[in-house]
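A.B. asks: For the record, the sequence lines run as chains A and X.
Heads up, the working numbering is the position in the first sequence plus 60, with the first residue counted as 1.
Heads up, the working numbering is the position in the second sequence plus 6, with the first residue counted as 1.
From the three backbone atoms N, C-alpha and C, an ideal C-beta is built for every residue, glycine too.
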Amino acid sequence: MKMTEKMPVINKLGLHLRAAAELVKTANKFKSQIFIHHGVQNVNAKSLMGLMTLAAAKGTELEFSAEGDDAKEALAAIQQLLANKFGEKE
Amino acid sequence: MKKISVESFFQQSKERLRLSPLVEEGMTDRFIVTVDINRMGMALTGYLKWFPYERLQILGKTEIHYLRTLKPAQRKKILATLLSYRLPCIVLTHKMKSPAELIAEAQRRKIPLFATPTPTTKFVSEISVYLEEEFAPETTIHGTLLDVYGVGILILGDSGIGKSECALDLVERGHRLVADDLVYIKRLANRILMGSRSEIIKHHMEIRGLGIINIESLFGVGAIRDKKRIELIIRLEEWDNRKEYDRLGLTPSTHRIFDVEIPMFLIPVRPGRNLAVIIEVAAMNHRLMKLGYFTAQEFADRVSRMMAEETSRAHSPRLKGKK
Chain A
61 MKMTEKMPVI
71 NKLGLHLRAA
81 AELVKTANKF
91 KSQIFIHHGV
101 QNVNAKSLMG
111 LMTLAAAKGT
121 ELEFSAEGDD
131 AKEALAAIQQ
141 LLANKFGEKE
Chain X
7 MKKISVESFF
17 QQSKERLRLS
27 PLVEEGMTDR
37 FIVTVDINRM
47 GMALTGYLKW
57 FPYERLQILG
67 KTEIHYLRTL
77 KPAQRKKILA
87 TLLSYRLPCI
97 VLTHKMKSPA
107 ELIAEAQRRK
117 IPLFATPTPT
127 TKFVSEISVY
137 LEEEFAPETT
147 IHGTLLDVYG
157 VGILILGDSG
167 IGKSECALDL
177 VERGHRLVAD
187 DLVYIKRLAN
197 RILMGSRSEI
207 IKHHMEIRGL
217 GIINIESLFG
227 VGAIRDKKRI
237 ELIIRLEEWD
247 NRKEYDRLGL
257 TPSTHRIFDV
267 EIPMFLIPVR
277 PGRNLAVIIE
287 VAAMNHRLMK
297 LGYFTAQEFA
307 DRVSRMMAEE
317 TSRAHSPRLK
327 GKK
């Protein structure tokens, strides 16, 4: 199963190092292959360094695509994480 | 479509192409959009039916000498016509002095004008190399790129299979890291795939359990490289008992990036398997092959030859008699 969903980064600091680490942790809980498309870039959501190259500031819309048996759950968990601002206050 | 601002073209190549600016206005809002260039010759004579104005324009010795034969009024008129097009920029080659009308018109229209001492033909070939590289198709791939014994090896495999650990092992053995996690690949002329790193990541690596480390400061400049041609791919995979792995190496498989087929080895990972050594050997074997020594084939031929000798000996009557 392959699913795609667009999600915005809403926390103040954007996808900084700690936030990216949280995202990697969440993505790694799932078996699915998870990729993020942004502009011409296409990076693996399970790799921290790749995420850093996105340099996604607040307000950036990222397109997540997940492929595998737990694709739906994976995207839901990621959506939750972004909506919760990676557990940050603002 | 990709476009490069004249400003960034100038900043990147002023030394390499020996460019000096005569008119700097308009550098930030004019763009080079194609790898092609145009010598202005025909357009100067007034033939504008086919004037590829969007290309980088070149005025060489011929053009300047031709312009000098014109009367000032005529010269001004034709230059005003040509510079009314949306040109990216103009380069004056071969140490040519610019006619005053050209500088005035370029200033008025805000068209960047550069001069170079390089002769036209040489300049054309040099700038083509630059433009080919800038406009080369580019992609990114999740993997790790190293220079092992001079062979560019791209390690692919799922997240968590141990690509970074393997790279660390190789760096520790004296090989060089180009990029970890995310490799930028450009397809250059002559089917060359050039791999490089991201400006943000540089030579940082993430090692699970340790966190982020910097290869350059830990191991020194000798342990890193900015770019390297990709010549061999190693795909790491979890050992699958049901799967048949290549035992002979007689028919290497390949992996396609853009339209280039790169030889690939599928290496199953199991605890206790020293991947760094396997990759080192793969690199050396690749070099042997480039030198014309195909180990697997030579071995196969040797076995066949010995079998043939054995059979002919068995059938030879003289030897039979001796027995």
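Does the beta-carbon distance from valine 184/X to leucine 152/X come in below 8 angstroms?
C.D. replies: Contact flag set, yes.
A.B. asks: Which chain X residues are close to leucine 122/A, counting only those with a beta carbon under 7 angstroms from its beta carbon?
C.D. replies: What leucine 122/A touches in chain X: nothing, since even the nearest Cβ is about 15 angstroms away.
A.B. asks: Name the chain A residues that come within less than 9 angstroms of threonine 146/X, Cβ to Cβ?
C.D. replies: Going along chain A in sequence order, the residues near threonine 146/X (Cβ under 9 angstroms) are Val100, Gln101, Asn102, Val103, Gly110, Thr113.
A.B. asks: Say whether chain A places a C-beta atom closer than 8 angstroms to the C-beta of serine 202/X.
C.D. replies: So, not an interface residue.
A.B. asks: Would you identify the three-state DSSP class for alanine 320/X, choosing helix, strand or coil?
C.D. replies: Helix at alanine 320/X.
A.B. asks: Going along the segment 170-199 of chain X in order, which residues come within less than 7 angstroms of chain A, judged by CB to CB distance?
C.D. replies: Cβ contacts with chain A: Asp186, Asp187, Leu188.
A.B. asks: Touching or not, the segment 164-183 of chain X and the segment 108-119 of chain X, by the rule of three or more beta carbon pairs under 8 angstroms?
C.D. replies: Counting Cβ pairs under 8 angstroms, fewer than three are found: no touch.
A.B. asks: Taking only beta-carbon atoms, is glutamate 212/X less than 8 angstroms away from chain A?
C.D. replies: Yes, because at least one Cβ of chain A sits closer than 8 angstroms to the Cβ of glutamate 212/X.
A.B. asks: Report the rounded CA-to-CA distance for leucine 108/X versus methionine 46/X, giving the unit in angstroms.
C.D. replies: Cα to Cα, the separation comes out at about 13 angstroms.
A.B. asks: Quick check on serine 165/X - is its C-beta less than 8 angstroms from some C-beta in chain A?
C.D. replies: True, the Cβ-Cβ gap to chain A drops below 8 angstroms.
A.B. asks: Specify whether the segment 246-253 of chain X and the segment 278-286 of chain X touch according to this definition: at least 3 beta carbon pairs, one from each stretch, less than 8 angstroms apart.
C.D. replies: The answer is no - the segment 278-286 of chain X does not touch the segment 246-253 of chain X, with fewer than three Cβ pairs under 8 angstroms.
A.B. asks: If we define contact as Cβ-Cβ less than 8 angstroms, is serine 125/A a contact residue for chain X?
C.D. replies: No, because no Cβ of chain X sits closer than 8 angstroms to the Cβ of serine 125/A.
A.B. asks: To the nearest angstrom, report how far apart lysine 329/X and leucine 162/X are at their CA atoms.
C.D. replies: Confidence at lysine 329/X is low in this model, with a pLDDT of 46, below 50, so its placement is unreliable and the value that follows should be read with caution. Cα-Cα distance, rounded: 59 angstroms.
A.B. asks: Taking C-beta pairs closer than 7 angstroms, name the residues in chain A that isoleucine 207/X reaches, listed in chain order.
C.D. replies: Near isoleucine 207/X (Cβ distances below 7 angstroms), the residues of chain A are Met109, Met112, Thr113.
A.B. asks: Does the beta-carbon distance from isoleucine 207/X to leucine 188/X come in below 8 angstroms?
C.D. replies: Yes; because the gap between Cβ atoms is below 8 angstroms, this pair is in contact.
A.B. asks: Does the pairing of the segment 95-103 of chain A with the segment 23-36 of chain X give three or more beta-carbon distances under 8 angstroms?
C.D. replies: No contact exists between the segment 95-103 of chain A and the segment 23-36 of chain X.
A.B. asks: Would you give the residue range spanned by the beta strand (DSSP E) that tyrosine 190/X belongs to?
C.D. replies: Segment 188-194, the beta strand (DSSP E) holding tyrosine 190/X.
A.B. asks: From which residue to which residue does the alpha helix (DSSP H) around arginine 22/X run?
C.D. replies: First-last for arginine 22/X: undefined, no H or E at that position.
A.B. asks: How many whole angstroms separate the CB atoms of phenylalanine 129/X and leucine 23/X, which I take to be in contact at a CB cut-off of 8 angstroms?
C.D. replies: Phenylalanine 129/X to leucine 23/X, Cβ: 7 angstroms. Contact.
A.B. asks: Return helix, strand or coil for histidine 98/A, following the three-state DSSP convention.
C.D. replies: Note: histidine 98/A maps to strand in three-state DSSP.
A.B. asks: Could one say the Cβ of lysine 106/A lies closer than 8 angstroms to chain X's Cβ atoms, at least one of them?
C.D. replies: So, interface residue.
A.B. asks: Rounded to whole angstroms, what is the Cα-Cα separation between phenylalanine 95/A and methionine 7/X?
C.D. replies: If you take the alpha carbons of phenylalanine 95/A and methionine 7/X, they lie about 24 angstroms apart.
A.B. asks: Could you spell out the range, first to last residue, of the alpha helix (DSSP H) harbouring aspartate 175/X?
C.D. replies: Here the alpha helix (DSSP H) through aspartate 175/X covers 169-178.
A.B. asks: Considering alanine 79/A, what are the terminal residues of the alpha helix (DSSP H) in which it resides?
C.D. replies: Here the alpha helix (DSSP H) through alanine 79/A covers 77-88.
A.B. asks: Can you tell me which of Met61/A, Leu142/A, Asn71/A, Lys149/A puts its alpha carbon nearest to the alpha carbon of alanine 87/A?
C.D. replies: Considering only alpha carbons, the answer is Leu142/A.
A.B. asks: Sort Ile159/X, Glu69/X, Arg311/X by Cα distance to histidine 181/X and report the nearest one.
C.D. replies: Considering only alpha carbons, the answer is Ile159/X.
A.B. asks: Use the C-beta contact count for phenylalanine 148/X: other C-beta atoms within 10 angstroms, 16 or more gives buried, fewer gives exposed.
C.D. replies: The amino acid occupying residue 148/X in the given sequence is histidine; phenylalanine does not appear at that position. That one is buried.
A.B. asks: Output yes or no for whether 8 angstroms exceeds the beta carbon distance between histidine 210/X and methionine 109/A.
C.D. replies: Yes.
A.B. asks: Thinking just about the alpha-carbon of each residue, which of Lys85/A, Lys132/A, Asp129/A, Leu111/A is nearest to the one in glycine 215/X?
C.D. replies: Among Lys85/A, Lys132/A, Asp129/A, Leu111/A, the Cα nearest to that of glycine 215/X is on Lys85/A.
A.B. asks: Output the distance between the C-alpha atoms of valine 39/X and phenylalanine 15/X, rounded to the nearest integer angstrom.
C.D. replies: Straight-line Cα distance between these residues: approximately 11 angstroms.
A.B. asks: Taking the continuous alpha helix (DSSP H) assigned at proline 78/X, which residues delimit it?
C.D. replies: Unbroken alpha helix (DSSP H) run through proline 78/X: 78-88.
A.B. asks: In terms of alpha-carbon separation, which member of Asp164/X, Met200/X, Ile230/X lies closest to leucine 174/X?
C.D. replies: If we check each option's Cα against that of leucine 174/X, Ile230/X comes out closest.
A.B. asks: Which same chain residues, not among the five before or five after glutamate 148/A, have their C-beta less than 6 angstroms away from its C-beta?
C.D. replies: Answer for glutamate 148/A: Asn71, listed in chain order.
A.B. asks: Which word fits glutamine 303/X, buried or exposed, when buried means at least 16 other C-beta atoms lie within 10 angstroms of its C-beta?
C.D. replies: Glutamine 303/X should be labelled exposed.
A.B. asks: Going by C-alpha distance, which of Val275/X, Pro277/X, Val309/X, Met270/X is nearest asparagine 291/X?
C.D. replies: Answer by Cα proximity: Met270/X.
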